[in-house]
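Asks:
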Amino acid sequence: MDCSGKTAVVAGGFGGIGYATCNSLLSKGVKNLGIFDLFENGDLLQKLKSNFPKANIKFWKVDATKKSEIENGFKGAVAEFKSIDIFVTSVGVVDEMNPERCVQINLLGTMNLNYVAIDYMSVAKGGKGGLVANVASLSGIVPFPLCVAYCATKHGIVGLTRSLGSDFYLKTTGIKFVSICPGFTETPLLGNFAGSPVNSVKTDSAKLAQQTAETCGKLLVEALEKDKNGSIWMIDAGKMKEIIPPEYYSGPTGT
Numbered sequence: 008m009d010c011s012g013k014t015a016v017v018a019g020g021f022g023g024i025g026y027a028t029c030n031s032l033l034s035k036g037v038k039n040l041g042i043f044d045l046f047e048n049g050d051l052l053q054k055l056k057s058n059f060p061k062a063n064i065k066f067w068k069v070d071a072t073k074k075s076e077i078e079n080g081f082k083g084a085v086a087e088f089k090s091i092d093i094f095v096t097s098v099g100v101v102d103e104m105n106p107e108r109c110v111q112i113n114l115l116g117t118m119n120l121n122y123v124a125i126d127y128m129s130v131a132k133g134g135k136g137g138l139v140a141n142v143a144s145l146s147g148i149v150p151f152p153l154c155v156a157y158c159a160t161k162h163g164i165v166g167l168t169r170s171l172g173s174d175f176y177l178k179t180t181g182i183k184f185v186s187i188c189p190g191f192t193e194t195p196l197l198g199n200f201a202g203s204p205v206n207s208v209k210t211d212s213a214k215l216a217q218q219t220a221e222t223c224g225k226l227l228v229e230a231l232e233k234d235k236n237g238s239i240w241m242i243d244a245g246k247m248k249e250i251i252p253p254e255y256y257s258g259p260t261g262t
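Every letter in the sequence shown is one number past the one before it in the working numbering, and letter 234, counting from 1, is 241.
(1) Could you check whether Thr28 and Val95 sit closer than 8 angstroms to each other, using their CB atoms as the reference points?
(2) What separation, rounded to the nearest whole angstrom, lies between the Cα atoms of Val165 and Gly49?
(3) So, are the CB atoms of Ile24 and Thr192 less than 8 angstroms apart?
(4) State the Cα-Cα distance for the pair Val205 and Leu153, rounded to the nearest angstrom.
(5) Among the residues of its own chain, which have a CB less than 6 angstroms from the CB of Thr179, if the five just before and after it don't count?
(6) If you compare alpha carbons, which of Gly20, Ser34, Ile250 and Tyr26 is closest to Gly12?
(7) What whole-angstrom Cβ distance do Cys188 and Ser129 have, given they're in contact under 8 angstroms?
(8) Using the Cα positions of Gly80 and Gly20, report the straight-line distance between them to the nearest angstrom.
(9) Would the beta-carbon of Leu263 fall within 8 angstroms of that of Ala140?
(10) Out of curiosity, what's the CA-to-CA distance linking Gly245 and Ser186?
(11) Suppose the cutoff is 8 angstroms on Cβ atoms and the five residues either side in sequence are ignored; what does the same chain contact list for Gly202 look like?
(12) Our contact map puts Leu263 next to Ala18 with C-beta atoms below 8 angstroms; I'd like the distance itself, whole angstroms only.
(13) Report yes if the C-beta distance between Phe43 and Leu52 is below 8 angstroms; otherwise report no.
(14) Counting only runs that start and end within the region 79–114, where is the beta strand (DSSP E) found for 3 or more residues in a row?
(15) Here's the rule I'm using: 16 or more other beta-carbon atoms within 10 Å means buried, otherwise exposed. How should Thr222 be labelled?
(16) Gly181 and Gly136: beta carbons closer than 8 angstroms?
(17) According to DSSP, what are the bridge partners of Glu14?
(18) Here's the rule I'm using: 16 or more other beta-carbon atoms within 10 Å means buried, otherwise exposed. How should Asp92 be labelled?
(19) Classify Ala86 as buried or exposed, calling it buried when 16 or more other Cβ atoms lie within 10 Å of its own Cβ.
(20) Answer with buried or exposed for Thr210, where buried requires no fewer than 16 other C-beta atoms within 10 angstroms of its C-beta.
(21) Here's the rule I'm using: 16 or more other beta-carbon atoms within 10 Å means buried, otherwise exposed. How should Thr260 be labelled?
(22) Could you spell out where the alpha helix (DSSP H) holding Asp174 opens and where it closes?
(23) By DSSP, does Met241 sit in helix, in strand, or in coil?
(24) Tell me the rounded alpha-carbon separation between Ile250 and Thr160.
(25) What I want to know is whether the C-beta of Ile64 ends up closer than 7 angstroms to one or more non-hydrogen atoms of the ligand NAD.
In structure tokens:
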């Protein structure tokens with residue numbers, strides 16, 4: 008999808024990858040940008056407005072675990088922008104000591120964001136269709152023994168996105184879905200791995216090939232431009248690669 012002149016909303020837009028994605032979208036010519044997040048970051052918001060004075064940039068307080076707040080965010084965005092072309096979800100926590108919280112935010116939060124997005128973007132419900140990108144993780148496509156709950160939620164996000172990213176839904180909604188799977192990226196979230204039952208995670212992660220959030224955000228938008236429904240994009244060590252899972256089963260799946 009060509010981002011120029013489009014309207015985009017980023018959930019988790021003040022986080023490391025989310026904020027970098029906002030910058031990248033605006034650099035590509037996005038006309039309207041909505042930011043959903045738990046708290047407003049006035050400094051970051053003002054920085055975006057200063058760097059991109061021609062863009063219409065708005066913030067809505069949205070807790071991804073509360074469907075009513077997601078609804079209010081979308082209502083506000085559609086009232087302000089008229090329609091939404093691109094929706095990016097970048098919400099998540101690392102909390103191995105509280106796996107229920109991890110599931111509630113990472114997986115159920117992302118599911119809620121997707122389902123409400125469909126209500127507002129689907130051509131069957133008066134929207135224009137568009138593109139939804141869910142930020143999962145490299146641990147959504149490979150095992151990650153050091154953070155089991157986090158890994159499970161990210162696998163769930165990839166499964167969610169691939170399932171929604173089928174022709175079955177595209178024909179009805181006009182919405183394409185893609186999964187983004189970043190490797191170790193320099194964001195505040197990376198430091199939270201120290202709270203894992205395995206305290207060596209933070210030390211070990213520093214030894215792995217890393218990338219800046221800015222690089223990840225740039226490549227994420229390049230993946231959006233591929234406009235390939237149901238696709239999975241790994242972004243690791245500053246490089247982007249499409250992941251094509253093997254076909255294990257070719258029988259009926261409901262699609």
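Even glycine gets a Cβ: it sits at the ideal position worked out from N, Cα and C.
Replies: Put simply:
(1) Closer than 8 angstroms, so yes.
(2) Between Val165 and Gly49, the C-alpha separation is close to 32 angstroms.
(3) Yes.
(4) Residue confidence is low: Val205 scores 47 on pLDDT, short of 50, so the model does not pin down where it sits. Its coordinate-derived value is still stated next. When the Cα atoms are used, Val205 and Leu153 turn out to be separated by approximately 6 angstroms.
(5) Counting only Cβ-Cβ distances below 6 angstroms, and skipping sequence neighbours, we find Ala131.
(6) The option with the nearest alpha carbon to Gly12 is Ser34.
(7) The pair is not a contact, with the Cβ atoms about 25 angstroms apart (cut-off 8 angstroms).
(8) One alpha carbon belongs to Gly80, the other to Gly20, and they sit about 13 angstroms apart.
(9) Because residue 263 is not part of the residues shown, which for the chain are 8 to 262, the question remains open.
(10) CA-CA distance, Gly245 to Ser186, rounds to 17 angstroms.
(11) Low confidence applies to Gly202: its pLDDT is 49, below 50, so where it sits in the model is not reliable, and the reading given next is rough at best. Taken in chain order, the residues that qualify are Val101, Asp102, Glu103 and Met104.
(12) Not covered by the structure: residue 263. The range shown for the chain is 8 to 262.
(13) Cβ distance not < 8 angstroms, so Phe43 and Leu52 don't count as in contact.
(14) Considered as a whole, the region 79–114 harbours 93–96 as its complete beta strand (DSSP E) runs of no fewer than 3 residues, in chain order.
(15) For Thr222, the number of other beta carbons within 10 angstroms of its own is at least 16, and it is reported as buried.
(16) With respect to Gly136, Gly181 sits close: the two C-beta atoms are nearer than 8 angstroms.
(17) The amino acid at residue 14 is misidentified as Glu; the sequence shows Thr. Within the DSSP secondary-structure output, Thr14 pairs in a beta bridge with Asn39.
(18) In this structure Asp92 is buried. Its beta-carbon is surrounded by 16 or more other beta-carbon atoms within 10 angstroms.
(19) When all chains shown are included, Ala86 counts as exposed.
(20) Low confidence applies to Thr210: its pLDDT is 49, below 50, so where it sits in the model is not reliable, and the reading given next is rough at best. By the 10 Å Cβ count, Thr210 comes out exposed.
(21) Burial is judged here by how many other beta carbons sit within 10 angstroms of a residue's own beta carbon; Thr260 has fewer than 16 and is exposed.
(22) Following the DSSP letters along the chain, one finds Asp174 inside the alpha helix (DSSP H) bounded by residues Asp174 to Thr180.
(23) In the three-state scheme derived from DSSP, where H, G and I count as helix and E and B as strand, Met241 is classed as strand.
(24) Distance between the alpha carbons of Ile250 and Thr160 is about 18 angstroms.
(25) The ligand content of the structure shown is nil, which means the ligand NAD is not present either.
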